[in-house]
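J.: If you scroll down you'll find the structure; I have some questions about it.
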Amino acid sequence: MFHKVLDIQKIRQDFPILNEVINGKPLVYFDNAATTQKPLPVLNALTRYYEHYNANIHRGIHHLAEKATSAFEASRHKIQTFLNARHVEEIIFTYGTTDGINLVAQSYGRTFLKEGDEIIISTMEHHSNIVPWQMLCEEKGCVLRVIPINDEGELLMDEYEKMLSEKTKFVSVVHVSNALGTINPVAEIIEKAHAVGAKVLIDGAQASSHIDIDVQALDCDFYVFSLHKLYGPTGMGALYGKKDILNAMPPYRGGGEMIKEVTFAKTTYSDLPYKFEAGTPNIADVVAAYTAVEYVETLGKKQIADYEHELLVYGTDALNTIGGLRLVGTAKEKVSVISFVMDGIHPQDVGVILDQQGIAVRTGHHCTQPLMQRLGIPGTSRASFAVYNTKEEIDKLVVGLERVKKMLS
């Protein structure tokens with residue numbers, strides 16, 4: 001199968017896990033919004049690091065340490081380019097999106113927010129962009145406000161505008177909904193927040209593999225994402241922050257690497273980015289992140305997005321032919337995520353029966369319980385597509401769902 005520029009069958013050969021057989025059936029992996037699979041170049045980069053230059057970084061003058069440090073910092077430059085950040089020191093390595101949000105909430109929030117200040121999030125946030133702000137509100141006496149959505153899963157921007165005031169000090173919203181696939185108008189959200197003097201964090205966990213990200217054009221104050229949703233390793237992510245803001249923030253964790261000088265009387269801290277990177281980092285996965293970003297850049301973000309949109313349209317049309325199935329999240333602007341419910345059938349049962357046919361989907365509330373409450377459902381089944389998926393696999397999903405209906409309806 002060929003698709004314009006992308007040779008999908010050739011791409012599939014880069015992902016050895018797609019050769020797995022599950023319950024006697026070839027694996028159909030539609031759980032990409034939870035984590036993407038890893039291509040051979042990324043797997044090889046991990047192996048190459050451990051086999052040839054495994055060493056602790058920044059604190060050694062021997063050859064292995066210098067080579068590991070060089071590879072580690074090359075990934076920082078790669079991510080700077082990927083996000084179009086102005087300065088390389090604006091890229092802070094984290095353990096993922098959740099870690100990045102917590103860093104901002106604990107460092108920026110505890111320092112600059114006070115009782116009565118308002119923080120705005122949205123109804124469709126992942127728990128990782130709800131709980132850290134709730135914790136901060138409990139500690140500081142801030143007020144958490146929530147942008148509502150319509151039944152299609154789109155933010156009500158007029159309601160957001162009404163919320164904004166001189167009390168608004170921080171806005172933290174998701175770029176792309178993990179549960180619905182909705183692409184939010186983040187540029188407009190940022191502009192309106194800045195008009196009242198608020199700072200803005202964008203959760204890019206789901207956007208990073210689908211959408212071109214330009215933090216300078218967006219003018220966001222913070223942007224966070226995880227590499228494991230970008231064909232990279234788990235346990236590694238990045239936080240972008242504007243240099244002047246990061247410089248004004250105190251360290252989040254204490255330990256080695258984030259210090260200039262330590263005495264029992266006083267400690268002075270490292271400059272950016274190291275003051276936020278205490279201890280031995282996740283070196284191997286940071287090194288492999290370079291290859292993951294390079295892999296996406298080589299395929300082309302636009303080519304990936306165009307192909308995934310083709311899968312989204314095909315999948316949406318296909319699932320709409322199944323009686324008793326209702327799509328959840330029908331925003332005009334979406335990435336390749338399809339959530340659905342089936343009349344009288346619990347999402348977990350859908351997932352179990354599909355798994356018996358070798359089809360991996362995600363079921364449940366997708367770490368968005370408040371969103372599910374707003375939609376009046378306990379959860380959904382979610383099929384999410386990546387560049388290595390095919391229309392033939394979607395056809396298998398349709399057959400699988402018809403079997404679910406036959407067995408349980």
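The sequence shown: position 46 = 46 (full-length UniProt numbering), numbered continuously.
Each residue gets a CB set at the ideal place from its N, CA and C atoms; glycine is no exception.
None of the values given here were measured: they were computed from a predicted structure.
Can you name, in chain order, every residue of its own chain whose Cβ lies under 7 Å from the Cβ of residue 26, other than the five neighbours on each side?
T.: 358
J.: Using C-beta distances below 8 Å, list every residue in its chain close to residue 139, excluding the 5 sequence neighbours before and after it, in chain order.
T.: Contacts found: 110.
J.: Write down the C-beta distance between residue 78 and residue 361 rounded to the nearest angstrom, noting that I regard them as a contact closer than 8 Å.
T.: That belief does not hold up - the Cβ atoms of residue 78 and residue 361 are roughly 32 Å apart, past 8 Å.
J.: Assuming residue 90 and residue 290 make a contact with CB atoms under 8 Å, what is their CB distance in whole Å?
T.: Residue 90 to residue 290, Cβ: 17 Å. No contact.
J.: Three Cβ pairs or more, each shorter than 8 Å: is that satisfied between the stretch 59-79 and the stretch 190-201?
T.: Contact check between the stretch 59-79 and the stretch 190-201: fewer than three CB pairs, one atom from each, fall below 8 Å, which does not count as touching.
J.: The ligand ZN and residue 139: does the residue's C-beta get closer than 6 Å to at least one heavy atom of that ligand?
T.: For the ligand ZN, the structure offers nothing, since it holds no ligand at all.
J.: Express the C-alpha separation of residue 18 and residue 299 in angstroms, rounding to a whole number.
T.: 18 Å
J.: How many angstroms separate the CA atom of residue 3 from the CA atom of residue 353?
T.: Confidence at residue 3 is low in this model, with a pLDDT of 46, below 50, so the placement of that residue is unreliable and no value is reported for it.
J.: Buried or exposed for residue 321, please, with buried defined as at least 16 other CB atoms from any protein chain shown within 10 angstroms of its CB.
T.: exposed
J.: Could you check what DSSP says for residue 415 in three-state terms: helix, strand or coil?
T.: Outside the shown range of the chain, which is 1 to 409, sits residue 415, and nothing can be said about it.
J.: Identify the continuous beta strand (DSSP E) that holds residue 327 and give its terminal residues.
T.: 325-328
J.: Should residue 61 go down as buried or exposed, given a rule of 16 or more other Cβ atoms within 10 Å for buried?
T.: By the 10 Å Cβ count, residue 61 comes out exposed.
J.: Considering only their Cβ atoms, is the gap separating residue 126 from residue 424 smaller than 7 Å?
T.: Nothing in the structure corresponds to residue 424, since the chain is present only between 1 and 409.
J.: Where do the ends of the beta strand (DSSP E) carrying residue 121 lie?
T.: The continuous beta strand (DSSP E) containing residue 121 extends over residues 118-122.
J.: Would you check if there are 3 or more beta carbon pairs closer than 8 Å linking the stretch 386-396 to the stretch 7-16?
T.: Touching, per the Cβ criterion.
J.: Only counting runs of 3 or more residues, tell me where the beta strand (DSSP E) segments fall wholly within the stretch 56-134, in order along the chain.
T.: 91-94, 118-122
J.: What number of angstroms, rounded off, separates the C-alpha of residue 248 from the C-alpha of residue 273?
T.: 12 Å
J.: Hey, would you say residue 183 sits closer than 7 Å to residue 221, going by beta carbons?
T.: no
J.: Give the secondary structure of residue 253 by DSSP, where H, G and I count as helix, E and B as strand, and everything else as coil.
T.: coil
J.: Leaving out five residues on either side along the sequence, give the residues of the same chain with a beta carbon under 8 Å from the beta carbon of residue 107.
T.: 249, 250, 251, 252, 276
J.: For residue 163 versus residue 145, is the C-beta spacing smaller than 7 Å?
T.: yes
J.: DSSP beta-bridge partners for residue 264?
T.: According to DSSP, residue 264 bridges with nothing at all.
J.: Looking at C-beta atoms only, is the number of pairs between the stretch 35-45 and the stretch 224-240 that lie closer than 8 Å three or more?
T.: yes
J.: Opposite residue 239 in the DSSP bridges: which residues?
T.: Under DSSP, residue 239 shares a beta bridge with 92, 224.
J.: Measuring only the C-alpha atoms, how far is residue 65 from residue 59?
T.: Cα-Cα distance, rounded: 7 Å.
J.: For residue 1, count the other beta carbons within 10 Å of its own beta carbon; 16 or more makes it buried, fewer makes it exposed. Which is it?
T.: Here residue 1 scores only 42 on pLDDT, less than 50, and its place in the model should not be relied on; the value that follows carries that caveat. So residue 1 counts as exposed.
J.: Helix, strand or coil: how does DSSP classify residue 25 here?
T.: Here residue 25 sits in strand by DSSP.
J.: Going by C-alpha to C-alpha distance, which of 236, 197, 199, 185 sits closest to residue 213?
T.: 185
J.: Answer yes or no: do residue 56 and residue 280 have a C-beta to C-beta separation smaller than 7 Å?
T.: yes
J.: Start and end of the alpha helix (DSSP H) containing residue 289?
T.: Element bounds for residue 289: 283-299.
J.: For residue 396, which residues in the same chain have their Cβ closer than 7 Å to its Cβ, ignoring the five residues on either side in sequence?
T.: 28, 359
J.: Per DSSP, what kind of secondary structure is residue 387 in: helix, strand or coil?
T.: coil
J.: Hey, could you find the ends of the alpha helix (DSSP H) residue 258 is sitting in?
T.: Per DSSP, residue 258 is not a residue of any alpha helix (DSSP H), being assigned neither H nor E.
J.: Where does residue 1 sit, in a helix, a strand or coil, going by DSSP?
T.: In this prediction, residue 1 has a pLDDT of 42, which is less than 50 and means its spatial position is unreliable; what the coordinates show is noted afterwards. Here residue 1 sits in coil by DSSP.
J.: Residue 334: buried (16+ other C-beta within 10 angstroms of its C-beta) or exposed?
T.: buried
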